[in-house]
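Chemist:
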Amino acid sequence: MISEWFQRVGSSVPRGFSRYFILELLKKQPHTGKEIIDYAVEQSNGIWKPSPGLIYPLLGRLLDEGLIDETKDGKYQLTKKGRETAEDVDKINDIVKKQLDVLFRIGNVGKFVAIDLLEKISTMGSILSSNITNMTDEETQKYKKFLQEELKKIDEKKLGKKRKEIKID
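For the sequence shown, the numbering used here gives the first residue as 679, with consecutive numbering after it.
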C-alpha cells in the first residue's frame, strides 16, 4: 500500500514537509542552508534533493515568523518560539504515527479507506504544521476529534461494522 502510494507521488514530498524537516533538523543543532540540503539528500538516499530555491525562501519565512534566527557564522538555529512549535508538531506527529500503525495492522482490508485517510492526514498535517502556532485549543480539539472519527471508520471496516472505541491520548 505505501509502496503504491510512493510510486504514485514519486519523489515529491508532501506540502509542508520541508518546513517540518527544517524545524526537526534544527532541534538538534544549527545548520547552514547547504547543510540542510545535503542532509536531506543523505537521509533520503538521493531521492529528495530540495533546491536552494525551496530552502532559502523557506528559511526566510521561518526567520520572519520568529521561529529561527541566523548566527554570526551563517547557520540557522531555533528560537524559543521555534522550539515550542517543533514540540507542538511532535505531538501531532505522535497522533499520526498511531494512525499509521492502525493502517499497517489492517493490511489490505480497507485499503481505499486507508489511502483516503492517509491523504487527509497529509493535507491536515501540512495545514497544521504551517500554522500550528496560531491554533486555538478549540481547533486542536476539533482536529483530534477528526482523527478519532477517521480511526473509528477504519476499525469498523476491519471488524465488519463491529463498534470499537479508539482513544488517542
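Beta carbons: idealized from backbone N, C-alpha and C, even for Gly.
Helix, strand or coil, according to DSSP, for D751 in the structure here?
Modeler: Taking the first residue of the sequence shown as position 1, residue 751 is located at position 73. The answer is coil: DSSP assigns D751 none of H, G, I, E or B.
Chemist: By DSSP, does T725 sit in helix, in strand, or in coil?
Modeler: The residue you call residue 725 lines up with position 47 of the sequence shown. The sequence given here places Ile at residue 725; Thr does not occur at that position. In this structure, I725 counts as coil in the three-state DSSP scheme.
Chemist: By the DSSP assignment, the alpha helix (DSSP H) with E743 in it spans what residues?
Modeler: Along the sequence shown, read from residue 1 onward, the residue named residue 743 stands at position 65. No alpha helix (DSSP H) contains E743, which DSSP labels as neither H nor E.
Chemist: Using a Cβ-Cβ cut-off of 6 Å (strictly less than) and excluding sequence neighbours within five positions of T814, which residues of its own chain qualify?
Modeler: Translated into positions along the sequence shown, residue 814 becomes position 136. Excluding positions up to five away in sequence, the list is empty.
Chemist: Per DSSP, which residues does L756 bridge with? Please list them.
Modeler: Here residue 756 refers to the residue found at position 78 when the sequence shown is read from its first residue. DSSP, once it has assigned bridges, lists I746 as partnering L756.
Chemist: Just to confirm before moving on: does the CB-CB distance between Q755 and T763 stay below 8 Å?
Modeler: On the sequence shown, position 77 is the one that residue 755 refers to. On the sequence shown, position 85 is the one that residue 763 refers to. No, these two residues do not count as a Cβ contact at 8 Å.
Chemist: Just to confirm before moving on: does the CB-CB distance between G760 and I746 stay below 8 Å?
Modeler: The residue labelled residue 760 in the question sits at position 82 within the sequence shown. The residue labelled residue 746 in the question sits at position 68 within the sequence shown. In this structure, I746 lies closer than 8 Å to G760 by Cβ.
Chemist: Given a threshold of 16 other Cβ atoms within 10 Å of its Cβ, counted over all protein chains shown, does P735 qualify as buried or as exposed?
Modeler: Numbered from 1 along the sequence shown, position 57 holds the residue referred to as residue 735. P735 is exposed by the Cβ-count criterion.
Chemist: Going along the chain, which residues of its own chain have a beta-carbon closer than 8 Å to the beta-carbon of G711, five neighbours each way excluded?
Modeler: Within the sequence shown, residue 711 is the residue found at index 33, counting from 1. The answer, listed in chain order, is P730, I733, Y734, L737 and Y754.
Chemist: Is it true that the CB of I700 sits closer than 8 Å to the CB of I714?
Modeler: Start at 1 with the first residue of the sequence shown, and residue 714 comes out as number 36. Start at 1 with the first residue of the sequence shown, and residue 700 comes out as number 22. In this structure, I700 lies closer than 8 Å to I714 by Cβ.
Chemist: Pick from T818, Q819, L778 and E817: whose alpha carbon is nearest that of I832?
Modeler: Locating residue 832 in the sequence shown gives position 154, where the first residue counts as 1. Comparing Cα positions, the closest option is L778.
Chemist: With a Cβ-Cβ cutoff of 8 Å, do L829 and V780 count as a contact?
Modeler: By 1-based counting over the sequence shown, the position of residue 829 is 151. By 1-based counting over the sequence shown, the position of residue 780 is 102. Yes.
Chemist: Could you tell me the alpha carbon to alpha carbon distance between K727 and H709, rounded to whole angstroms?
Modeler: Position 49 of the sequence shown, counting from 1, holds the residue named residue 727. Position 31 of the sequence shown, counting from 1, holds the residue named residue 709. Computed Cα separation, rounded: 16 Å.
Chemist: Mark G694 as exposed unless 16 or more other C-beta atoms lie within 10 angstroms of its C-beta, in which case mark it buried.
Modeler: Looking up residue 694 in the sequence shown gives position 16. That one is buried.
Chemist: Contact defined as beta carbons within less than 8 Å: I believe L703 pairs with Y717. What is the distance between those atoms, to the nearest angstrom?
Modeler: For the purposes of this step, residue 703 is taken as the residue at position 25 of the sequence shown. For the purposes of this step, residue 717 is taken as the residue at position 39 of the sequence shown. Contact flag correct, Cβ pair sits at about 6 Å.
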